[in-house]
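Residue numbers (the working numbering): -11 to 369.
Where a beta carbon is used, it is the ideal one built from N, C-alpha and C, also for glycine.
Data first, discussion second: the structure below is written as structure tokens.
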Ligand SMILES: [Mg+2]
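If you want it as structure tokens, here you go:
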């Protein structure tokens, strides 16, 4: 069986009426480019969706990760959608396309990518997480709970293929270094590193069973660091393989049954609690948030995607399961809002706003610079 690659590439290139949702004709522009990519045999299949103001392209292909043809196709799709956005004068048209020309892959150009290559199992269910108004470290708490917490993920205790644990590849997003650590043996070290959400994020998780391979992949691009100024939050995506040697779907969604504080929200400068929600209801309209998290499910079947749609549907026309749509998540949403209302009462004072190292691209450093001569020494005894 050939190795299959799944690429989830995302960008915010504008939305209607403020930071809400892309215009439907922008989504259509993406699809047109991807249909063309399918016709030219660049990709096996695709699906276009969104969370809040971020557009997502899911593609399956046989070209591996970081492939220039695949990334180039996604880049061209975003450029075409951006042209539509500019014509419609939607808010922040072209926002995440930070460079004028494509070069090799989308790293450093603005869009974010989560990708994984694997040998397709007898059944290959995938969960695609998509977050708006937050940063890559937002996935640290859920991924640790899914893959390293035997108190939560029963499979770590009772599934022989998961009992040895998982390996975590962690990125230092400031110094561009990486380290891979093994859970449970090095779990305390993993937690010591990931506790700093300003610098560290999980990039990939691997099964210790080499036949199974990669278990999860996260987009870790940091927009502000690339642009050197504030241009919106990274709004990261994450792919997780489910079942049969990997955590069960319920174990993958379980971490979102509890409040998860994440950096982002208004102007990418606040802390808020993840709001698990359906794609349709993911428009961030409450203080430009709270940070919505969507989760959709599709299978990979012979290198193509399959959801609830008729298998003979046109390429790219899929109907995924929308996990957070169901009313059983209502009380989580209520709990999230209760905490979000509470933290909003603290205005722009920490911990409602992010620590200084995360505020580098706001006016805060300029204010401190302007006032520096007015600070006078306090005599010390
Ligand atoms: Mg966004």
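Residue 70 sits away from residue 62, with the two beta carbons spaced by 8 Å or more. The beta carbons of residue 259 and residue 251 sit about 6 Å from each other, so the pair counts as a contact at 8 Å. In this chain, residue 161 is not harboured by any beta strand (DSSP E), its DSSP state being neither H nor E. With a cut-off of 7 Å, the C-beta of residue 220 is classified as near ligand 1, since at least one heavy atom of the ligand falls inside that distance. Uninterrupted beta strand (DSSP E) stretches at least 3 residues long and entirely within the segment 115 to 155 do not occur. In this structure the segment 144 to 156 does not lie against the segment 77 to 97, because fewer than three pairs of beta carbons, one per stretch, are closer than 8 Å.
Take the alpha-carbon of residue 270 and the one of residue 38: they are about 9 Å apart. Ranked by Cα distance from residue 155, the options 141, 138, 175 and 140 are led by 175. Proximity of the beta carbon of residue 120 to ligand 1 is indicated: a heavy atom of the ligand is located closer than 7 Å. Taken atom to atom, the span from the alpha-carbon of residue 256 to that of residue 300 is near 42 Å.
Each of 32, 329, 294 and 190 was checked against the Cα of residue 170, and the nearest Cα belongs to 190. The Cβ atoms of residue 41 and residue -7 lie no closer than 8 Å to each other.
In the three-state reduction of the DSSP assignment, residue 251 falls in the strand class. Rounded to the nearest whole angstrom, the C-alpha separation of residue 168 and residue 353 is 35 Å.
Looking from the CA of residue 284, the closest CA among 323, 326, 337 and 241 belongs to 241.
Residue ranges of uninterrupted beta strand (DSSP E) with 3 or more members, entirely inside the segment 275 to 323 and ordered along the chain, are 280 to 289 and 292 to 294. Residue state for residue 200 is assigned as coil, using DSSP reduced to three classes. With 16 or more other Cβ atoms from the protein chains shown falling within 10 Å of its own Cβ, residue 131 counts as buried.
For residue 207, the number of other beta carbons within 10 angstroms of its own is at least 16, and it is reported as buried. Distances taken from the Cβ of residue 153 to the heavy atoms of ligand 1 include none shorter than 7 Å.
Taking the Cβ of residue 0 as the reference point, at least one heavy atom of ligand 1 falls within a distance shorter than 7 Å. The beta carbon of residue 26 lies closer than 8 Å to those of 32, 33, 34, 303 and 304 in the same chain, with the five residues before and after it left out. For residue 41, the Cβ falls inside the 7 Å cut-off from some heavy atom of ligand 1.
The DSSP assignment places 33 to 39 and 42 to 49 as complete runs of the beta strand (DSSP E) inside the segment 29 to 106, in order along the chain (cut-off: 3 residues). Annotated as proximal: residue 205 and residue 103, with beta-carbon spacing under 8 Å.
DSSP places residue 355 in the uninterrupted alpha helix (DSSP H) bounded by 352 to 358. Excluding its 5 nearest sequence neighbours in each direction, residue 19 has C-beta neighbours in its own chain below 7 Å: 36 and 304, listed in chain order. Classified as buried, residue -5 has 16 or more neighbouring CB atoms from the shown chains inside 10 Å of its CB. Judged by DSSP secondary structure, residue 210 falls outside any beta strand (DSSP E); it is assigned neither H nor E. Rounded to the nearest angstrom, the Cβ distance from residue 128 to residue 93 is 24 Å, too far for a contact under 8 Å. In the three-state reduction of the DSSP assignment, residue 19 falls in the helix class.
Ligand 1 has no heavy atom closer than 7 Å to the beta-carbon of residue 310. Distance between residue 336 and residue 313, taken at the CA atoms: about 32 Å.
Assignment of beta-bridge partners to residue -2 by DSSP yields 44 and 100. Secondary structure of residue 194 (DSSP, three-state): strand.
A straight-line Cα-Cα distance of about 28 Å links residue 268 and residue 218.
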